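Inspection log for the structure reproduced underneath, given as structure tokens.
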Amino acid sequence: MPISAANLRPVPAGPVPARPGPLRAVYAAGAAAVLLLAGGSVPAASAGPADENAPAEAGAMAWETLIDGSSFASRAALEAEWNYLYPWGSDHNGTARMYASSTDSNHLFLSPAGQLNIKATRITWDEGNSDKDPFLPIEYHSAAIHAKNQIIVNDTYPSYEIRGEFQAPSARGTWPAFWITGANSWPPESDILEFKGDARNWFNTYDGAWDNTIVPVSSPGSWHEYRIWMTKINATDVEIHYYLDDVWKASHIGSNFVGKPMNLIINLQMEGSSGSPGPTTDTHFRARDVYVGRTAN
Numbered sequence: 004m005p006i007s008a009a010n011l012r013p014v015p016a017g018p019v020p021a022r023p024g025p026l027r028a029v030y031a032a033g034a035a036a037v038l039l040l041a042g043g044s045v046p047a048a049s050a051g052p053a054d055e056n057a058p059a060e061a062g063a064m065a066w067e068t069l070i071d072g073s074s075f076a077s078r079a080a081l082e083a084e085w086n087y088l089y090p091w092g093s094d095h096n097g098t099a100r101m102y103a104s105s106t107d108s109n110h111l112f113l114s115p116a117g118q119l120n121i122k123a124t125r126i127t128w129d130e131g132n133s134d135k136d137p138f139l140p141i142e143y144h145s146a147a148i149h150a151k152n153q154i155i156v157n158d159t160y161p162s163y164e165i166r167g168e169f170q171a172p173s174a175r176g177t178w179p180a181f182w183i184t185g186a187n188s189w190p191p192e193s194d195i196l197e198f199k200g201d202a203r204n205w206f207n208t209y210d211g212a213w214d215n216t217i218v219p220v221s222s223p224g225s226w227h228e229y230r231i232w233m234t235k236i237n238a239t240d241v242e243i244h245y246y247l248d249d250v251w252k253a254s255h256i257g258s259n260f261v262g263k264p265m266n267l268i269i270n271l272q273m274e275g276s277s278g279s280p281g282p283t284t285d286t287h288f289r290a291r292d293v294y295v296g297r298t299a300n
């Protein structure tokens with residue numbers, strides 16, 4: 004993407020305070036350099052002290068938006084940015100099988116415009132077992148989507164912001180997630196939102212060992228924003244900063260994340276790690292304003 008004043012964003016590192024746009028300007032010098040390259044001027048809002056913890060690589064970089072927050076405005080917008088199901092199919096590690104498609108909106112629908120709704124429904128017939136470890140019996144139908152653009156941290160794209168607002172179920176047996184995981188291998192994985200049967204969000208990083216930050220959330224069924232800032236810190240590793248409602252919660256190191264393509268997934272799984280039995284009535288997981296952006300050298 005060519006450098007222009009319209010596509011510039013500041014390059015933050017954490018903890019990052021609340022932002023007026025996609026992220027608050029923390030590197031006034033870096034933003035100024037890019038704007039000057041674009042033939043613009045530095046806005047007053049970008050002036051101010053730089054974060055003393057900012058990485059040395061923060062400098063003049065363009066900003067690319069991969070998903071701009073409007074991908075749930077219509078079915079056409081959804082299908083332009085997202086694929087149905089998991090990247091590997093309909094089954095995973097719980098008791099829900101994913102059924103959404105371009106012709107099946109029973110478990111994935113957009114209403115009102117701009118809001119993604121995933122519905123998990125208990126079934127009463129035998130549909131066999133999941134084909135993924137631990138091969139649990141299928142007890143629910145639900146839905147998942149994964150982004151068409153993959154996340155890959157490297158020298159060209161050293162930093163990513165991924166965020167979205169969600170109304171998440173948190174009753175026993177409900178297992179909603181907003182996460183990235185390796186497209187060709189596992190690890191890597193980063194869980195931006197994961198509730199496992201109670202009102203605590205699990206911010207997780209997996210690089211062969213788990214790093215978990217478990218955060219109580221007041222009323223998970225209300226709208227909350229979940230966000231990461233992920234940046235390359237050396238030839239193989241990334242640092243991931245986790246935020247809830249623009250409040251910094253944790254920093255994890257992801258070893259051997261660099262150069263590994265990752266899929267971004269939104270899904271409502273059931274039971275498994277979230278306990279059982281799960282609910283007998285419909286369960287809903289809602290999302291809006293999902294955004295993905297990255298720095299570009």
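Take 4 as the starting number for the sequence shown in this note's numbering and just add one per residue.
Just so it is clear, CB atoms sit at the ideal spot from N, CA and C, and this is done for glycine as well.
In this text the structure is predicted, and so the values were computed from the model without any measurement.
- Each residue's CA atom was taken as its position, placing residue 206 and residue 181 some 10 angstroms apart.
- Per DSSP, reduced to three states, the secondary structure at residue 185 is strand.
- For residue 84, the enclosing alpha helix (DSSP H) starts and ends at 78-84.
- For residue 247, the enclosing beta strand (DSSP E) stretches over residues 241-247.
- In the structure shown, residue 279 falls within a coil segment according to DSSP collapsed to helix, strand and coil.
- Between the alpha carbons of residue 149 and residue 94 lies a distance of about 14 angstroms.
- In the three-state DSSP reduction, residue 151 falls in the coil class, being neither helix nor strand.
- Burial of residue 230 is indicated by the presence of at least 16 other C-beta atoms within 10 angstroms of its C-beta.
- In this structure, residue 252 lies near residue 245, with their beta-carbon atoms less than 7 angstroms apart.
- Residue 188 counts as exposed, since fewer than 16 other C-beta atoms from the protein chains shown sit within 10 angstroms of its C-beta.
- Of the residues assessed, residue 250 falls on the exposed side of the cut-off, its CB having fewer than 16 other CB atoms within 10 angstroms.
- In its chain, beyond the 5 residues on either side, 74, 75, 113, 119 and 148 have a beta carbon closer than 8 angstroms to the beta carbon of residue 81.
- Excluding the 5 residues flanking it on each side, residue 153 has same chain C-beta neighbours closer than 7 angstroms at 186, 264, 265 and 266, in chain order.
- Annotated three-state conformation of residue 286 is strand, per DSSP.
- Leaving aside the five residues that flank residue 133 on each side, the residues in its chain whose CB is nearer than 8 angstroms to its CB run, in chain order, 94, 95, 96, 97, 98, 100, 139, 140 and 141.
- The beta-bridge partner set that DSSP reports for residue 233 consists of 163 and 243.
- Membership of residue 257 in the beta strand (DSSP E) is indicated by the continuous run 250-257.
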